[in-house]
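Per this note's numbering, the sequence shown starts with residue 317, numbered consecutively.
Even glycine gets a Cβ: it sits at the ideal position worked out from N, Cα and C.
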Amino acid sequence: MTGTLAAQVALIGLAKSGVIAMLAVGIVLIYRTTGVVNLAHWAIGLVGVVVYVLLTGGDVVPPLLAAAVGLAVSALAGLVAQRLVFSRIHRSQVVTMILVALGVGSFFAAVSQMLLRGQRGEIIVTPFLPGGTVDVAGAVILTSELITILVAMATCAVLLPWLKRSRSGRALRAVAQNREAAQLAGIDAARYAELAWVIGSGLAALALLLLIPHSAGEQGGVLSVVHLVPLGSLLIPAFGAALVGGLISLPAALAGSLIFGLVQELLILAPPPIADEREVLAFVAITVLLLLRTERFFASNAELEALRS
Numbered sequence: 317m318t319g320t321l322a323a324q325v326a327l328i329g330l331a332k333s334g335v336i337a338m339l340a341v342g343i344v345l346i347y348r349t350t351g352v353v354n355l356a357h358w359a360i361g362l363v364g365v366v367v368y369v370l371l372t373g374g375d376v377v378p379p380l381l382a383a384a385v386g387l388a389v390s391a392l393a394g395l396v397a398q399r400l401v402f403s404r405i406h407r408s409q410v411v412t413m414i415l416v417a418l419g420v421g422s423f424f425a426a427v428s429q430m431l432l433r434g435q436r437g438e439i440i441v442t443p444f445l446p447g448g449t450v451d452v453a454g455a456v457i458l459t460s461e462l463i464t465i466l467v468a469m470a471t472c473a474v475l476l477p478w479l480k481r482s483r484s485g486r487a488l489r490a491v492a493q494n495r496e497a498a499q500l501a502g503i504d505a506a507r508y509a510e511l512a513w514v515i516g517s518g519l520a521a522l523a524l525l526l527l528i529p530h531s532a533g534e535q536g537g538v539l540s541v542v543h544l545v546p547l548g549s550l551l552i553p554a555f556g557a558a559l560v561g562g563l564i565s566l567p568a569a570l571a572g573s574l575i576f577g578l579v580q581e582l583l584i585l586a587p588p589p590i591a592d593e594r595e596v597l598a599f600v601a602i603t604v605l606l607l608l609r610t611e612r613f614f615a616s617n618a619e620l621e622a623l624r625s
């Protein structure tokens with residue numbers, strides 16, 4: 317095994333980690349602010365992907381513009397879900413919220429399938445990211461993979477400081493830590509809960525949109541509902557990464573995403589018996605982090621208290 321090959325596989329793992337991280341950050345943000353274990357996360361993001369697919373199918377709308385519209389539609393879908401459904405049950409039992417989230421996810425998945433099945437024949441999709449490959453210090457990867465890494469890094473570089481330093485970010489954190497106290501301080505908790513859903517749902521759509529070059533091919537290809545629905549399987553590692561921080565710590569969720577993506581890809585270089593079980597072993601790594609209760613190293617005392625309550 318050469319160092320170049322290992323670097324290439326590691327970069328591919330980073331791209332996968334970036335997608336998982338954006339999903340995990342959305343899950344954590346929504347849970348911290350509203351207490352909803354959002355099992356509808358992928359399905360809300362899927363709506364934006366389907367809108368992108370439909371807009372680019374006839375080459376009428378430029379791919380980048382279609383991607384922006386898809387992000388906006390998913391963000392709007394998240395806002396509608398919060399305002400019409402989850403805002404009415406935020407004091408309910410966890411089991412109730414999980415069941416409702418499953419129902420909401422099934423609804424959005426059904427809407428996505430209905431929209432695509434309304435098209436005749438196969439749907440041709442033009443990825444909004446450029447094709448081809450790029451050489452990174454001798455390691456050759458897809459250009460779309462490099463862009464995925466950069467987008468994920470930029471998203472985290474903007475979101476984390478915004479949550480810590482901006483007025484709206486601090487208000488969002490206050491609602492997440494103690495909703496009642498935030499309301500007494502004059503913060504509109506309902507408004508910031510909706511903001512969390514808008515951001516989280518937009519991140520879900522962005523994560524799934526970044527996978528289109530790998531699903532549809534570098535120069536465009538066939539992408540149908542059969543290919544889109546399995547994207548829901550990404551919710552499993554995303555939730556695993558989010559759980560590393562007890563669903564409250566964004567840095568821990570990012571660390572969990574990084575570990576899952578890197579471990580899963582680097583194990584390709586292992587002997588066949590191990591390489592064949594790399595997905596299982598990646599989940600084992602996440603499970604070990606859960607058992608170690610790593611949220612203690614990332615979360616503040618107030619966040620840990622919120623988790624216990």
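Once the 5 residues before and after Gly516 are set aside, which same chain residues still bring their CB inside 6 angstroms of it? Translated into the one-based positions of the sequence shown, residue 516 becomes position 200. So the qualifying residues of the chain are Gly342, Leu345, Ile346.
Best match in Leu327, Arg404, Leu339, Ala322 for proximity to Gly351 [C-alpha to C-alpha]: Looking up residue 351 in the sequence shown gives position 35. Arg404 is the residue among Leu327, Arg404, Leu339, Ala322 whose C-alpha sits nearest the C-alpha of Gly351.
So for Ile346, helix, strand or coil by DSSP? Against the sequence shown, residue 346 aligns to sequence position 30. Ile346 falls in the helix class under three-state DSSP.
Check whether the region 482-495 and the region 357-371 are in contact - that is, three or more C-beta pairs closer than 8 angstroms. Taking 8 angstroms as the limit for Cβ pairs, the verdict is that the region 357-371 does not touch the region 482-495.
May I have a chain-ordered list of the alpha helix (DSSP H) segments no shorter than 4 residues that lie completely inside the region 464-516? Unbroken alpha helix (DSSP H) runs of no fewer than 4 residues, entirely contained in the region 464-516, are found at 483-493, 495-500, following chain order.
Can you give me the C-alpha to C-alpha distance between Leu380 and Pro567, rounded to a whole angstrom? Here the question's residue 380 lines up with position 64 in the sequence shown. Here the question's residue 567 lines up with position 251 in the sequence shown. Distance between the alpha carbons of Leu380 and Pro567 is about 29 angstroms.
Assuming Leu551 and Gly364 form a contact by the criterion Cβ under 8 angstroms, report the distance between their Cβ atoms to the nearest whole angstrom. For this step, residue 551 is matched to residue 235 along the sequence shown. For this step, residue 364 is matched to residue 48 along the sequence shown. Not quite, the Cβ-Cβ distance comes to about 15 angstroms (not below 8 angstroms), so this is no contact.
Supposed close pair Ala520, Leu339 - CB separation, criterion 8 angstroms: As a first step, residue 520 is located in the sequence shown; it is residue number 204 there, counting from the start. As a first step, residue 339 is located in the sequence shown; it is residue number 23 there, counting from the start. About 6 angstroms; that satisfies the 8 angstroms criterion.
Can you check which of these residues, Ser460, Gln580, Glu595, Ala453, is closest to Gly447 by C-alpha distance? Position 131 of the sequence shown holds residue 447. Residue Ser460 is the option with its Cα nearest to Gly447.
Which parts of the region 342-419 are runs of the alpha helix (DSSP H), unbroken and 4 residues or longer, counting only runs that do not cross its ends? 357-372, 379-400
Using 8 angstroms as the threshold, is the C-beta distance between Leu327 and Ala455 below it? Position 11 of the sequence shown, counted from the start, is the residue given in the question as residue 327. Position 139 of the sequence shown, counted from the start, is the residue given in the question as residue 455. Taking C-beta atoms as the reference points, Leu327 and Ala455 count as a pair closer than 8 angstroms.
Please determine, among Pro378, Val491, Ala337, Cys472, the residue with the shortest C-alpha to C-alpha distance to Ile503. Start at 1 with the first residue of the sequence shown, and residue 503 comes out as number 187. Per the Cα distances, Val491.
With C-beta atoms as the reference, is Ile528 less than 8 angstroms away from Arg348? Indexing the sequence shown from 1 puts residue 528 at position 212. Indexing the sequence shown from 1 puts residue 348 at position 32. Using a Cβ distance threshold of 8 angstroms, Ile528 and Arg348 do not count as a contacting pair.
Out of Val410, Leu362, Met413, which has the shortest C-alpha to C-alpha gap to Ala425? Within the sequence shown, the letter at position 109 stands for residue 425. Scanning Val410, Leu362, Met413 for the CA closest to the CA of Ala425 turns up Leu362.
For Ile463 and Ala382, what's the separation of their Cα atoms in angstroms? Looking up residue 463 in the sequence shown gives position 147. Looking up residue 382 in the sequence shown gives position 66. Going from the Cα of Ile463 to the Cα of Ala382 covers about 18 angstroms.
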